[in-house]
Amino acid sequence: MTVASIVAGLLPLAIRSSGESGQVSWIAWPDPVKFLGFLAMVIVGMRCARRPMNVRTPIQLPALALPILVIPGLLLLLISPVKPLFVDGYVLYSSIGFALLLGAGIDLFHRRQPSSRTSWVAALAVLAALLPPRLYLRMPQSRHDDVIAIVNAVRHAGRPGDGLLYLPGRHRVWTGANPEDTRFLTDLALVQDPTSSNTLAGIELPAQGIPARILKFDRVVVVRDPEGAHSDTNSQEEA
């Protein structure tokens, strides 16, 4: 009865959201590096869960933390052959399960080997492993979607009445935070903007109609990925 009630409650949301499935069309097959990172977290978490934890509680920690760690990412990976949906940011909360298991494992290790030297070595090793990625994330080279720089470039290159083309169309979000920045430009791929179409990204023209529309403009500002960057395109953009 409980399951039926949950399904009945979620069914309208599922039906409604299915019409917006195009909003996640940019998601490609899981990136190997991110997949291996998720797999490593699961292996370490399961290894920590196998350690005996001599604490009596109504719910054992592995029974709580393992599902949080494994199930969200695993479900998205299983769906990926049909519809790629795995993005590490979507399952970021699974890190809670990993942190609980890892903390319990470290605590057990410390209890068995209470040497202060061992604890300091382990702490320094963890900090040394985390330092390079932390520093890299704070460098401009770590991101190619600096939206402030992109908006400034579009504003500088565009003139009132120019056309605006996003390649691929998902890059429309880069300038979507402040529509005023592009209000004097015409989005050549849109037949309806998000406001009038009541959608997140608007409704695009068929691919065959875009070239004819481009020819009506003397100047077109193109927003695209940096040279050499991987670009996920759909059939509409390839056409």
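Its first residue numbered 220, the sequence shown is counted upward by one per residue in the numbering used here.
Built from N, CA and C at the ideal position, the CB exists for glycine as well.
Since the structure is predicted, the reported quantities are computational estimates derived from the model, not experimental observations.
Reduced DSSP secondary structure (H/G/I, E/B, other) of Ile246: Locating residue 246 in the sequence shown gives position 27, counting from the first residue. Ile246 carries a coil assignment under DSSP once its states are collapsed to helix, strand and coil.
Arg391 - DSSP class collapsed to helix/strand/coil: Counting from one through the sequence shown, the residue named residue 391 turns up at place 172. DSSP places Arg391 in helix when its eight states are reduced to three.
Contact under 8 Å by Cβ, Val306 with Val261: In the sequence shown, counting from the first residue as 1, residue 306 sits at position 87. In the sequence shown, counting from the first residue as 1, residue 261 sits at position 42. No, they are not a contact pair.
Three-way DSSP call (helix, strand, coil) for Val442 in this model: As a position in the sequence shown, residue 442 is number 223, starting the count at 1. Here Val442 sits in strand by DSSP.
Member of Asp412, Gly377, His375 and Gly380 whose CA lies at the smallest distance from the CA of Val392: On the sequence shown, position 173 is the one that residue 392 refers to. Cα-wise, what sits closest to Val392 is Asp412.
C-beta contact flag for Leu424 and Leu404 at 8 Å: By one-based count along the sequence shown, residue 424 stands at place 205. By one-based count along the sequence shown, residue 404 stands at place 185. In this structure, Leu404 does not lie closer than 8 Å to Leu424 by Cβ.
Best match in Gly395, Pro430, Trp248 and Gly377 for proximity to Thr414 [C-alpha to C-alpha]: Sequence index remark: in the sequence shown, residue 414 carries index 195 (1-based). Nearest to Thr414 by alpha-carbon distance, out of Gly395, Pro430, Trp248 and Gly377, is Gly395.
Separation of Ala223 from Leu320, as counted between CA atoms: Sequence index remark: in the sequence shown, residue 320 carries index 101 (1-based). Sequence index remark: in the sequence shown, residue 223 carries index 4 (1-based). Taking the straight line from one Cα to the other gives about 33 Å.
Cβ shell of Leu304 (< 7 Å), same chain only, five flanking positions each side left out: Here the question's residue 304 lines up with position 85 in the sequence shown. The answer, listed in chain order, is Val243, Ile246, Leu295 and Ile298.
Exposed unless 16 or more other CB atoms sit within 10 angstroms - verdict on Leu409: Numbered from 1 along the sequence shown, position 190 holds the residue referred to as residue 409. If you draw a 10 Å sphere on the C-beta of Leu409, you find 16 or more other C-beta atoms in it, and that means buried.
When Val301, Ala318 and Gln427 are compared against Ala268, the one with the closest alpha-carbon: Here residue 268 refers to the residue found at position 49 of the sequence shown. For the residues Val301, Ala318 and Gln427, the minimum Cα distance to Ala268 belongs to Ala318.
Bounding residues of the beta strand (DSSP E) (the contiguous stretch that carries Gly382): Taking the sequence shown and counting its residues from 1, one reaches residue 382 at position 163. Bounds of the beta strand (DSSP E) holding Gly382 are Gly382 to Leu386.
Whole-number beta carbon distance between Val442 and Ile369, since they are thought to touch under 8 Å: Position 150 of the sequence shown, counting from 1, holds the residue named residue 369. Position 223 of the sequence shown, counting from 1, holds the residue named residue 442. 7 Å between Cβ atoms; contact.
Cβ pair Ile287, Gly324 closer than 8 Å: Here residue 287 refers to the residue found at position 68 of the sequence shown. Here residue 324 refers to the residue found at position 105 of the sequence shown. The Cβ atoms of Ile287 and Gly324 do not sit closer than 8 Å to each other.
Closest Cα partner of Asp406 within the set Ile429, Asn397 and Ser416: Taking the sequence shown and counting its residues from 1, the one referred to as residue 406 is at position 187. Per the Cα distances, Ile429.
C-alpha gap between Gly421 and Asp381, whole angstroms: Counting from one through the sequence shown, the residue named residue 421 turns up at place 202. Counting from one through the sequence shown, the residue named residue 381 turns up at place 162. Rounded to whole angstroms, the gap between the alpha carbons of Gly421 and Asp381 is 19 Å.
Three-state secondary structure (DSSP) of Asp400: Translated into the one-based positions of the sequence shown, residue 400 becomes position 181. In the three-state DSSP reduction, Asp400 falls in the helix class (H, G or I).
For Val366 and Arg357, the rounded distance between their alpha carbons: For the purposes of this step, residue 357 is identified with residue 138 of the sequence shown, where counting begins at 1. For the purposes of this step, residue 366 is identified with residue 147 of the sequence shown, where counting begins at 1. The straight-line gap from Cα to Cα measures roughly 15 Å.
Cβ-based burial, Leu285 [other Cβ within 10 Å; buried from 16]: Taking the first residue of the sequence shown as position 1, residue 285 is located at position 66. Buried.
Residue span of the alpha helix (DSSP H) that contains Leu294, given as start and end: What you label residue 294 is simply residue 75 of the sequence shown in a count that begins at 1. Where Leu294 is concerned, the enclosing alpha helix (DSSP H) stretches over Leu280 to Ile298.
Short Cβ contact (8 Å threshold) for Arg270 with Leu327: As a working mapping, residue 270 is identified with position 51 in the sequence shown. As a working mapping, residue 327 is identified with position 108 in the sequence shown. Yes, they are a contact pair.
According to DSSP, residues forming a beta bridge with Thr405: Here residue 405 is taken as the residue at index 186 of the sequence shown, counted from 1. Answer is Gly382.
Burial state of Thr401, where buried means 16 or more other Cβ atoms lie within 10 Å: Along the sequence shown, read from residue 1 onward, the residue named residue 401 stands at position 182. Classification of Thr401: buried, given that the 10 Å Cβ count is 16 or more.
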